[in-house]
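The block underneath contains the structure these notes are about, expressed in structure tokens.
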Amino acid sequence: MARPNRNPIATANGVRMILSIARGIVACCALLVLSAQSAQANERIVSIGGDVTEIIYALNAQSELIGRDSTSTYPEAAKALPDIGYMRQLNAEGILSLKPTLILASDQSLPALALEQVRNSGINVVSIPGLPALETVPKKISTVAQALGKEQEGQQLIAHYEQQLAAMPKNKLSTKVLFVMNYSGTTPMAAGQNTAADAIIGFAGGTNAMQGFNKYRPLSQEGIIAAAPELLLLTTAGYESLGGEEKIWQLPGISQTPAGKNRRFLVVDDLASLGFSLKTPEVISTLHKSMEDNR
């Protein structure tokens, strides 16, 4: 049986055509990948919430940040970004003036109407869990990482955080701790139940000296003396607002408590103690050690 004649030139041309098509497909795929990466790299992000901003930096996505709220003071580099104001007094016009393409906002941000106005302007607004609890932090990380397209980095950050949780001391102590909230221009307040401070004290194995009320109340001499705290807990900003250690002992009733008589106090990071951030396990361990060292 005679074999069909094959034209070597036609065959070569066919091979070249196939290779050309293949190269074109590869080039198109590469272009799509590059376009997606470029779109992501060109994101203009405003971060609302110190805990949210901290996570963005931890995920190495800070190059996309163009603005932050006034609670976003860590890391230090974040302070150089334009400040849109306090996260519970947001203004839609101020946010939109930065021409963002993405807003990553703690669900504790207020007023909700301001964020709704931003969303109605066509800007993508992603709500980040903000409940003050240790188990919320991995959810924060996961939500931020997904919004940034950094899921793998997010999983690594969650694993590191969970390692810190596992290393925290577990034994309970009887130490009574008073958390004093103090900011410039405001009346010093004591933390009661259902506060981030109350949760931190409990996680550290201590007891909140102030019982019988929720949220915060102004310090009263009678109440503080009756509570008899053995250790005072302040944030860095609160301590600085007071004006140093001597001012602590001048607060109502403090000098007549075990903590005042023994000059026992601890200053901790604001965000880690009140915002439940990546550094919260470290603060809890530090508080626990302080209680143990002074028993």
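Going left to right, the sequence shown walks through residues -41 to -1, 1 to 254 as mature numbering (1 follows the signal peptide of the UniProt record, and there is no 0) numbers them. We put the CB at the ideal spot given by N, CA and C, even for glycine.
Asked: Strictly by DSSP, which residues pair up with Q152?; Found: N173
Asked: Exposed or buried, K38, counting other C-beta atoms within 10 Å across all chains shown (16 or more means buried)?; Found: exposed
Asked: For G9, count neighbouring C-beta atoms within 10 Å of its own C-beta (all shown protein chains included) and say buried if the count is 16 or more, exposed if not.; Found: buried
Asked: Checking the sheet assignment: what are the DSSP bridge partners for K135?; Found: T166
Asked: So, with DSSP's three-state summary, where would you put A64?; Found: strand
Asked: Could you check which residue in K220, A218, P128, S86 has the C-alpha nearest to that of Q67?; Found: S86
Asked: Could you check whether A150 and L132 sit closer than 9 angstroms to each other, using their CB atoms as the reference points?; Found: no
Asked: Considering only residues of the same chain and omitting the five flanking positions on each side of G161, which have a CB-CB separation below 6 angstroms?; Found: none
Asked: Can you tell me whether DSSP reads N79 as helix, strand or coil?; Found: helix
Asked: Do F224 and A218 come within 9 angstroms of each other at the CB atom, strictly closer than that value?; Found: yes
Asked: Buried or exposed for G171, going by 16 or more other Cβ atoms inside 10 Å?; Found: exposed
Asked: I need the boundaries of the beta strand (DSSP E) containing T194, first residue and last residue.; Found: 190 to 194
Asked: Can you tell me which of the three DSSP states L107 falls into?; Found: helix
Asked: In terms of DSSP beta bridges, what is D42 paired with?; Found: R27
Asked: Please go through the same chain and pick out, in chain order, the residues whose beta-carbon is closer than 6 angstroms to the beta-carbon of Y33, but skip the five residues on each side of it.; Found: E13, L230
Asked: How would you call L233, buried or exposed, if buried means at least 16 neighbouring beta carbons within 10 angstroms?; Found: buried
Asked: Taking the Cβ atom as the reference point for each residue, do V11 and I25 lie within a distance shorter than 9 angstroms?; Found: no
Asked: What first and last residue would you give for the alpha helix (DSSP H) that runs through S244?; Found: 239 to 252
Asked: Going by the CB atoms, is the gap between L90 and L74 shorter than 9 angstroms?; Found: no
Asked: Quick one: Cα of G108 to Cα of P128, how far?; Found: 34 angstroms
Asked: Would the stretch 177 to 193 count as touching the stretch 154 to 168 if we require 3 or more Cβ pairs under 8 angstroms?; Found: yes
Asked: L55 lies in the alpha helix (DSSP H); which residues open and close that run?; Found: 51 to 55
Asked: Could you tell me the alpha carbon to alpha carbon distance between S(-7) and L18, rounded to whole angstroms?; Found: Summary for S(-7): the model assigns pLDDT 41, below 50, so the residue's position carries little reliability, and this model does not support an answer.
Asked: Taking L63 and I7 to be in contact with their CB atoms under 8 angstroms, please state how far apart those CB atoms are, rounded to whole angstroms.; Found: 7 angstroms
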